[in-house]
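*Asks:*
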Amino acid sequence: MRFSWHMSIMAIVATALSWQVLAGSLNLDQGAATTLRSTTAIDTVFVSNAKVADYKVVDNSRVVVFGVSPGLSTIILYDESGNELANHTLVVNLNPVVLEQLISAHYPDEKITIRNVLEQVVLEGTVSSESVKQSVYELVGEMLSKEVQVNEMVVNDSNGHELANLEFGRTSVFRGVINNLKVLTTEQINVKLTVAEVSSGLLSQLGVSYGSAGADTGQFVDYLLDFSAEDIISVIDAKKDETLGQVLAEPNLSVISGESASFLVGGEIPIAVRTDDTVSVTYKEYGIKLNIVAKVMDSDNIRLSLMPEVSSVDAKNSYEGTLANIPALKTRRAHTTVQLKDGQSFVLAGLLTSEERELLSRIPLLGDIPVLGSLFSRTESDYSKTELIIVATVNLVQPISPERIRLPMMQPSSDIERLLGLEFNASERQALQPLLTEGGFR
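Per the UniProt record's numbering, residue 1 is the first one in the sequence shown, and the count goes up by one each step.
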C-alpha cells in the first residue's frame, strides 16, 4: 500500500513535469516542424487555427506540429480522461532562410541578419553605404510581396511652390519590413559651384562719333575650375564697349546622399497685398538662388539635380500703384539632372538675357530744324546680352579631424598698398589659392 502511494505521487509529479515542459509558447518558421512529447498517453489534439499550424499524431506520446503560414494558433493535448496535458501558443513566422541566402549572394561583403515575428521582418546589421541599405530593404520587401508605398521627393522654394519632383529621390516603404541596418560611414557629397555672368555690350553711336573704333579680343576673367570660357569676339560698328565677365557666386555645399541643400545670395522684396480692408505683406526672394539634390547611386557614381535661379529687380517693368509700388523681377531659371563620377565637373550655359535701348538727345530749337536738325542731335543705341554660366564639381567627402583643417591666412591690405598698387603680403595671399581650390580639404 505504501509502495502504491509512492507510485501515485511519482505519476502525479511526472504528469506535472510533462505539462510544464509542454506548456507555454512555441515559435516555428513557416514550413518548419517540431515534435511534442508527453509521458502520458495522448488521446485528443485540438488546433485553433489550422491555416496557421497543423499537426500529425505519430503515436500516443508524440505529436508533430508544423507551421503552415505566418500567424498565431493554439494547440492543446488531452488524455483519455479529458485532462489537459499541454497548452501551447504557436507563433508561426516567415522563414528567413531563402532571404538570407539571396542577400548573401547579392551582398557577400555585408553583415546582415534577419529576424522575424509573425509577418514582421526586421533587418539588422551593418552595411557599407546608404544605397546598399535601401537596396537590401527593397529586395526583402519585393521578395515577400509586401504592400509598398512610394514616397515622392519634392523640392519646394521658400514660398512652398514646387520646384521639382525628383525620380531618383523616390523611396519605397514596405509594410511589415523594419529597416534597422546601420551604415558604417555616411556618404556625403561636396558640390562646388561657380556662377558666372558673361556680358557683351554693343554700344553704337550715331551722330557725333569720337574715339577709337578698335577693340581687343578678351578672355574670360580667371579660369573656372579648369574650364576656359569662349572668347568674346568683338563686333566693330562705330563704337564697341565690351565687358568680359564676372563671378557672381562660388558656393561650396556639402550634403548627405539623398538629401537636399539650398543657397541664396540676395534679398527679399516686400510686396503689399490688399484684401478687403486688410493689407498684408509678403516677401519675394531675389538674387542668386540654388537648390541641389545629390545621391550616390553606386561606387563613385553621383546623380545631381541642379536648380539654379538668378533674378534681379526690373525697374522698367515695375508696377506703380496708388497704394504701393510693386517691383518686377528679371529671372533666369534652369533645372537639370546629371550623373557624374567622383571629381568630375559639368557646365550649364545658355541662360541668355538681352536688352536694347535707344536714346535721342538734341539741342533745343536747333535739333527741331528739318534735315539740318540731325547735325545738332545724337542717337544712341545700347544693346547688351548676358549669358549665365554655371560650373559644378562633385566630390565624395568625409569628415576630417580638426588638426587637418587648413585655415586661411588673410590680412587686409593697407592704404599704401591700395594707393601704390603693391602687395606686401603676396606670398600669404598666394597660399589662399590651394585653400579655395581644395575647399578646405587636403
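Every residue gets a Cβ at the ideal spot worked out from N, C-alpha and C, and that includes glycine.
May I ask you to report which of helix, strand or coil DSSP gives TYR107?
*Replies:* coil
*Asks:* Can you give the Cα-Cα distance for ILE178 and VAL117, rounded to whole angstroms?
*Replies:* 11 Å
*Asks:* Assess, as a yes-or-no matter, whether the segment 293-303 is touched by the segment 268-275 under the definition of 3 or more beta carbon pairs within less than 8 Å.
*Replies:* no
*Asks:* Between which residues of its own chain and LYS146 is the CB-CB distance below 7 Å, once the five residues before and five after are set aside?
*Replies:* Excluding sequence neighbours, LYS146 sits near PHE174, ARG175, GLY176, VAL177.
*Asks:* Since VAL63 and LEU36 should fall inside the 8 Å C-beta cutoff, what is the C-beta to C-beta distance between them, to a whole number of angstroms?
*Replies:* Contact holds; Cβ gap of about 5 Å.
*Asks:* Could you give the DSSP three-state label for VAL52: helix, strand or coil?
*Replies:* coil
*Asks:* With burial defined as no fewer than 16 other Cβ atoms inside 10 Å of the residue's Cβ, what is the status of GLN30: buried or exposed?
*Replies:* buried
*Asks:* Return the first residue and the last residue of the alpha helix (DSSP H) that VAL140 is part of.
*Replies:* 130-143
*Asks:* Could you check which residue in GLY67, GLN398, PHE346 has the C-alpha nearest to that of ASN27?
*Replies:* GLY67
*Asks:* Per DSSP, GLY67 is paired with what?
*Replies:* DSSP lists ALA53 as partners of GLY67.
*Asks:* Enumerated in chain order, which unbroken segments of the alpha helix (DSSP H) with a length of 4 residues or greater are wholly contained in the segment 255-314?
*Replies:* The qualifying runs do not exist here; there are none.
*Asks:* With a cut-off of 8 Å on the beta carbons, I'd call ILE302 and ILE189 a contact; round off their distance for me.
*Replies:* 6 Å
*Asks:* With burial defined as no fewer than 16 other Cβ atoms inside 10 Å of the residue's Cβ, what is the status of GLU187: buried or exposed?
*Replies:* buried
*Asks:* How do the segment 107-117 and the segment 37-50 stand: do at least 3 beta-carbon pairs fall below 8 Å, yes or no?
*Replies:* No, the segment 107-117 is not in contact with the segment 37-50.
*Asks:* Near ILE282, what residues of its chain come up, given a Cβ to Cβ distance below 7 Å and the 5 sequence neighbours on each side ignored?
*Replies:* Residue 282 is actually Thr in this sequence, not Ile. Closer than 7 Å at the Cβ level, and outside the excluded window around THR282, lie ILE271, VAL273.
*Asks:* What residue range does the beta strand (DSSP E) around SER25 cover?
*Replies:* 24-29
*Asks:* By a C-beta neighbour count over all protein chains shown, 10 Å radius and 16 as the cutoff for buried, is TYR319 buried or exposed?
*Replies:* For TYR319, the number of other beta carbons within 10 angstroms of its own is below 16, and it is reported as exposed.
*Asks:* Near PRO327, what residues of its chain come up, given a Cβ to Cβ distance below 6 Å and the 5 sequence neighbours on each side ignored?
*Replies:* ILE269, VAL313, SER318
*Asks:* Measuring alpha carbon to alpha carbon, tell me which residue in SER257, LEU184, ILE292, GLY258 is nearest PRO251.
*Replies:* Nearest of SER257, LEU184, ILE292, GLY258 to PRO251, Cα basis: ILE292.
*Asks:* Compute the Euclidean distance between the alpha carbons of GLN339 and LEU304, then round it to the nearest angstrom.
*Replies:* 6 Å
*Asks:* Excluding the 5 residues preceding and the 5 following VAL255 in the sequence, name in chain order all residues of the same chain whose CB lies nearer than 6 Å to its CB.
*Replies:* ILE189, ALA261, ALA294
*Asks:* Could you tell me how far apart the beta carbons of ALA53 and ILE76 are, in whole angstroms, since I believe they sit closer than 8 Å?
*Replies:* So it is not a contact: roughly 12 Å between Cβ atoms.
*Asks:* On the three-state DSSP scale, how would you describe GLU100?
*Replies:* helix
*Asks:* Quickly, what does DSSP pair LYS182 with across the bridge? List them, please.
*Replies:* THR126
*Asks:* If you run the structure through DSSP and keep just helix, strand and coil, what is LEU118?
*Replies:* coil
*Asks:* Candidates ASN49, ILE363, GLU259: which alpha carbon is nearest ARG170's?
*Replies:* GLU259
*Asks:* Quick one: Cα of TYR55 to Cα of GLN101, how far?
*Replies:* 28 Å
*Asks:* What number of angstroms, rounded off, separates the C-alpha of SER135 from the C-alpha of ASP79?
*Replies:* 52 Å
*Asks:* For GLU138, which option in PRO370, LEU99, SER128 has the closest C-alpha, if you only look at C-alpha atoms?
*Replies:* LEU99
*Asks:* Mind reading off the beta-carbon distance from GLY287 to LEU253? Whole number of angstroms is fine, and I expect it under 8 Å.
*Replies:* That pair is no contact at about 16 Å.
*Asks:* According to the Cβ coordinates, are LEU181 and GLY125 closer than 8 Å?
*Replies:* yes
*Asks:* Thinking LEU388 and LEU290 are a contact (beta carbons under 8 Å), I'd like their distance in whole angstroms, please.
*Replies:* Actually they do not touch by this definition, with Cβ atoms about 12 Å apart.
*Asks:* So, LEU306 versus LEU248, is the Cβ gap smaller than 8 Å?
*Replies:* Contact: no.
*Asks:* Which of the three DSSP states is assigned to ASP59 in this structure?
*Replies:* If DSSP states are grouped into helix, strand and coil, ASP59 belongs with the strands.
*Asks:* Over what stretch of residues does the beta strand (DSSP E) that includes THR40 continue unbroken?
*Replies:* Taken as a continuous stretch (DSSP letters only), THR40 belongs to no beta strand (DSSP E), as it is neither H nor E.
*Asks:* Going by other Cβ atoms of all chains shown within 10 Å of its Cβ, with 16 needed for buried, is LYS51 buried or exposed?
*Replies:* exposed
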